[in-house]
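Written below as structure tokens is the structure these notes are about.
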Amino acid sequence: MRDNWVIKFIPLALIWGSSFFFIELSLEWTTAVGVAFWRTALGALAMIIITYSLGLRLPGKAKQWLHLLVAGFFMSAFPFTMYAFAQQYTTSILAAILNATTPMFTLLATFTLFRAQKQNPTAIIGLLVGLVGVGITLGIWRGFGESEPIAILALLAASISYGIGTPYIRKYVTPMKLPATVTASVQVLTSAVILLPVYLFTGPLFVAEPTVQSAGALVLLGVLGSGISYWLFHQVVATAGSAVAATVTYTNPVIATVWGVLLLGEGLHWYEPVGAILVLTGAFFAQGRRLKLLRQKT
């Protein structure tokens, strides 16, 4: 039944919105690269178990692995590292808000790098509104507020990476017609392979003794945030469509703000939710949703 997608959408939104909280706790145990590596490694383990339990197998062609390796870099390895790095210097709330700029960077990459979509006024308006929203979120009139510029650059770099990875997947991975669970398994697995040498040779493996809190957060971040969540996401796509599934992006700032304020004791400036509303509005328009809704009504 199509109504069952709601049962999967709610935990998906909670998991992805909580990922920023889990990152914050995981950083108490390991480095930024360590957080990225362990979440992809644990996520890959979870996804591979799911894949084989469904009677599926990993792909056997080198070309398929190559494209999924590129997708893994842009969709997991690089952005996961950037988010963990940035959250050492800024709040999980700001990280989640800037994560919502991903649809805008996806549109820019689609226009400029892949030329897979024609420009339209609604999308351009969305980009401009989103840009204003980013400025307000950062409190640009105060410089960068309490956030380190390097952290903001890292967060935007992560969104840009997602923006490049999404149309890349549409152009090169989707046509391979692999089962969604197989695609997700290889994507996260190749990400872990990319990150392993970086993790081993660029600093300490751990920065403190593990605690139940930090170790538990890292396990949940990997198994849920980088593993089970992909399975849930593809289930929502299959039962309700990609348009509905994509709206999970809009829930991240809300959930992350609740956890950040209530559990991490992070402060929330008046301009951050104002900017977040503009960022989400910009993302909404950048995806051309207003035009689609109008067409459906007519």
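Residue numbering for the sequence shown is 5 to 302, as defined by this note's numbering. Here a beta-carbon is modelled for each residue, glycine too, at the ideal position from N, C-alpha and C. In this text, all values refer to a predicted model and were calculated from it rather than measured experimentally.
- The beta-carbon separation of G167 and F109, rounded to 3 Å, stays under the 8 Å limit for a contact.
- The closest CA to that of A17, considering only V240, P277, V265, E270, is found on V240.
- With a contact defined as Cβ atoms closer than 8 Å, L62 and V190 qualify at about 6 Å.
- Cα atoms of L193 and W42: separation of roughly 11 Å, rounded to the nearest angstrom.
- Take the alpha-carbon of V223 and the one of A48: they are about 12 Å apart.
- Annotated three-state conformation of T185 is helix, per DSSP.
- Rounded to the nearest angstrom, the Cβ distance from T44 to S195 is 4 Å, consistent with a contact under 8 Å.
- Between the region 79 to 89 and the region 152 to 164 there are three or more C-beta pairs closer than 8 Å, enough to call the two in contact.
- If you ignore the 5 residues before and after G279, its C-beta comes within less than 6 Å of the C-beta of G137, I140, T141, all in its own chain and listed in chain order.
- Looking at the DSSP output, T34 bridges to F210.
- Membership of K65 in any alpha helix (DSSP H) is not indicated, and neither H nor E is assigned to it by DSSP.
- For N256, the secondary structure class from DSSP, reduced to helix, strand or coil, is helix.
- Around N8, the same chain offers T243 as residues with beta carbons nearer than 7 Å, after the five sequence neighbours per side are excluded.
- The beta carbon of M180 sits closer than 6 Å to the beta carbons of Q68 from its chain, once the five residues preceding and following it are set aside; these are given in chain order.
- Uninterrupted alpha helix (DSSP H) stretches at least 4 residues long and entirely within the region 65 to 140 occur at 66 to 76, 82 to 90, 96 to 103, 106 to 116, given in chain order.
- Exclusion of the five residues before and after L72 leaves P63, V177, T187, V190, Q191, T194 as the residues of its chain whose Cβ lies within less than 8 Å of its Cβ.
- Every alpha helix (DSSP H) stretch that sits fully inside the region 12 to 58 and reaches 4 residues is listed by chain position as 36 to 57.
- Membership of G229 in any alpha helix (DSSP H) is not indicated, and neither H nor E is assigned to it by DSSP.
- Our two residues, A100 and I27, have alpha carbons roughly 11 Å apart in a direct line.
- Looking from the CA of S218, the closest CA among K12, N124, P277, T35 belongs to T35.
- Cβ-Cβ distances below 7 Å link A212 to E32, W33 in the same chain, with the five nearest sequence neighbours on each side left out; the list follows chain order.
- DSSP places E152 in the coil class of the three-state scheme, outside both helix and strand.
- Each residue's CA atom was taken as its position, placing L272 and Q91 some 15 Å apart.
- Taken atom to atom, the span from the alpha-carbon of F89 to that of P153 is near 12 Å.
- The DSSP-derived three-state label of G143 is coil.
- In this structure, A75 places its C-beta atom within 8 Å of the C-beta atom of Y172.
- The Cβ-Cβ distance between I144 and T261 does not fall below 8 Å.
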